[in-house]
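Q: The opening position of the sequence shown corresponds to residue 3 in the numbering used here, with each subsequent residue numbered one higher.
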Amino acid sequence: MPLVEPFQISSGTASLRRILLLETHDADGVTAWSECVAGEQPYYSPETVDTAWLAIREWIGPRVLGVPLAGPDAVLPRLDADLRGHLMAKAAVEMGVWGLAAERQGTSLASLIGGTRTQIATGISIGIQENPARLVEKVRRALEEGYQKAKIKVKPGADLTYLAAVREELGAGAPLMADANSAYTTADFDHLATFDRFNLMMIEQPLASDDLVRHAALQRRLTTPLCLDESITSVDRVEDMLTLDSGRIVNIKPGRVGGLAAARAIHDRCAAAGVPVWCGGMLESGIGRAYNVALASMPNFVLPGDISPSARYWQQDIVIPAWTMDTAGMVTVPRDRPGLGVTVDRDRVENLTVRSETLTAD
Numbered sequence: 003m004p005l006v007e008p009f010q011i012s013s014g015t016a017s018l019r020r021i022l023l024l025e026t027h028d029a030d031g032v033t034a035w036s037e038c039v040a041g042e043q044p045y046y047s048p049e050t051v052d053t054a055w056l057a058i059r060e061w062i063g064p065r066v067l068g069v070p071l072a073g074p075d076a077v078l079p080r081l082d083a084d085l086r087g088h089l090m091a092k093a094a095v096e097m098g099v100w101g102l103a104a105e106r107q108g109t110s111l112a113s114l115i116g117g118t119r120t121q122i123a124t125g126i127s128i129g130i131q132e133n134p135a136r137l138v139e140k141v142r143r144a145l146e147e148g149y150q151k152a153k154i155k156v157k158p159g160a161d162l163t164y165l166a167a168v169r170e171e172l173g174a175g176a177p178l179m180a181d182a183n184s185a186y187t188t189a190d191f192d193h194l195a196t197f198d199r200f201n202l203m204m205i206e207q208p209l210a211s212d213d214l215v216r217h218a219a220l221q222r223r224l225t226t227p228l229c230l231d232e233s234i235t236s237v238d239r240v241e242d243m244l245t246l247d248s249g250r251i252v253n254i255k256p257g258r259v260g261g262l263a264a265a266r267a268i269h270d271r272c273a274a275a276g277v278p279v280w281c282g283g284m285l286e287s288g289i290g291r292a293y294n295v296a297l298a299s300m301p302n303f304v305l306p307g308d309i310s311p312s313a314r315y316w317q318q319d320i321v322i323p324a325w326t327m328d329t330a331g332m333v334t335v336p337r338d339r340p341g342l343g344v345t346v347d348r349d350r351v352e353n354l355t356v357r358s359e360t361l362t363a364d
């Protein structure tokens, strides 16, 4: 699926998304769609579309195909037993079973996982721009459209002047944050400390994707809260973060952590510790967005998430209806419809499909 416009972060630029979709069937003929959020290249994560395809076919799919399951909570333990990593591939399979369970029970996915919200506050993620003036215009337009938070992608050489321009032009009240996607090192601590003057909501994942210790050292230098994204892959990593004070906000992406069961556990531990969370995005189609919307309806998702409407990324999405946002920056949770709350446009999916494979229990 081609993006409406190229999306640049510190590690690369995406113009076209190869998206791995799964259609899962149970023994009674109930079906549900899910999505693997891995990218084409190992920029954000070591996983890619192609490694996930291999992992699902060879190791992950066989662990659940033809296996009686007491419920969707039973999936992740089966996938984690003696099978390390491949969290995005595991999540694609695990979330599909949650979708099946919601369809079978005739309830919304949000209700099934314990979501309580009927609407979700929405932020926007804005990629690195060619100059500060263009970034200012992008952020201004987004806030005028109703977005409740503007996440500004940054990297060395495209940070201070960009953030300063936006803050100066849009004022102290504009809800801004910076996301570095691990673009900085300990050599940049003095530089990062100057971010405090911009009164940001948070700085997301400035240091290495698997780091907690150095983030703790940086947090001690800052008044701005650090938000951890890539570093949080499980509840254990949350415990480490709390022990070290590595961050004070967590971005939960179900595709990053192994699925909805792991995402709920992280949500619950953060809630118990008083750590606010929000739901990030991975340039998902409307299928992946459905799972994010359901997750973000849980009570501790108190900050606006990256759950932009379909039109933010796609000329035409692959779900009906497309995801939309009202003028107040809210996305409605489809609690009145079973399953994902949207219908997959099968004709469009088939027209876009370049590769397919069927896995069975036989």
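Positions of the beta carbon are idealized from the N, C-alpha and C atoms, including for glycine.
On a predicted model such as this, the values are computed, not experimentally measured, just so you know.
1. Is the number of C-beta pairs between the region 107-114 and the region 131-141 that are closer than 8 Å three or more?
2. Could you compute how far the alpha carbon of GLN221 sits from the alpha carbon of GLU171?
3. Given a cut-off of 9 Å on the beta-carbon distance, is the pair CYS281 and LEU297 in contact?
4. Would you kindly check if the distance between the Cβ of ALA34 and the Cβ of LEU366 is under 9 Å?
5. Give every residue of the same chain whose Cβ lies closer than 7 Å to the Cβ of THR226, excluding the five residues on either side of it in the sequence, and list them in chain order.
6. Is the Cβ-Cβ distance between GLU105 and VAL51 less than 9 Å?
7. Could you spell out where the alpha helix (DSSP H) holding ASN294 opens and where it closes?
8. Would you decide whether PRO74 is buried or exposed? Buried here means 16 or more other CB atoms lie within 10 Å of its CB.
9. Which whole-angstrom value is the C-beta distance of VAL321 and VAL344, which I expect to be below 8 Å?
10. Look at the Cβ atom of ALA176, then the Cβ atom of ARG169, and state whether they are nearer than 9 Å.
11. Pair every Cβ in the region 112-129 with every Cβ in the region 329-340, then say whether three or more of these pairs are closer than 8 Å.
12. Considering ILE268, what are the terminal residues of the alpha helix (DSSP H) in which it resides?
13. Verify whether the separation of the beta carbon atoms of GLY129 and PRO8 is less than 9 Å.
14. Buried or exposed: which applies to ARG250, given that a residue is buried once 16 or more other Cβ atoms fall within 10 Å of its Cβ?
15. With distances taken from CA atoms, which of ALA16, SER184, GLY117 and LEU224 is nearest PHE200?
16. Alpha carbon to alpha carbon, what distance is there between ILE289 and GLN317?
17. What are the partner residues of ALA16, as DSSP defines its beta bridges?
A: Considering the structure as presented:
1. Because the criterion of three Cβ pairs below 8 Å is not met, the region 107-114 and the region 131-141 do not touch.
2. Near 28 Å, if we compare the C-alpha coordinates of GLU171 and GLN221.
3. For the pair CYS281 and LEU297, the CB atoms are nearer than the 9 Å cut-off.
4. Outside the displayed span of the chain (3 to 364) sits residue 366, for which this structure offers no information.
5. Cβ within range, chain order: PHE197, ASP198, LEU202, MET204 and ILE205.
6. In this structure, VAL51 does not lie closer than 9 Å to GLU105 by Cβ.
7. Here the alpha helix (DSSP H) through ASN294 covers 288-298.
8. Label assigned to PRO74: buried.
9. Yes, VAL321 and VAL344 are in contact; Cβ-Cβ is about 4 Å, under 8 Å.
10. With respect to the 9 Å criterion, ALA176 and ARG169 are classified as neighbours on the basis of their beta carbons.
11. Short answer: they touch.
12. For ILE268, the uninterrupted alpha helix (DSSP H) run begins and ends at 262-275, by DSSP.
13. Cβ atoms of GLY129 and PRO8: closer than 9 Å.
14. ARG250 comes out buried.
15. For the residues ALA16, SER184, GLY117 and LEU224, the minimum Cα distance to PHE200 belongs to LEU224.
16. One C-alpha to the other measures close to 15 Å.
17. Looking at the DSSP output, ALA16 sits in a beta bridge with PHE9.
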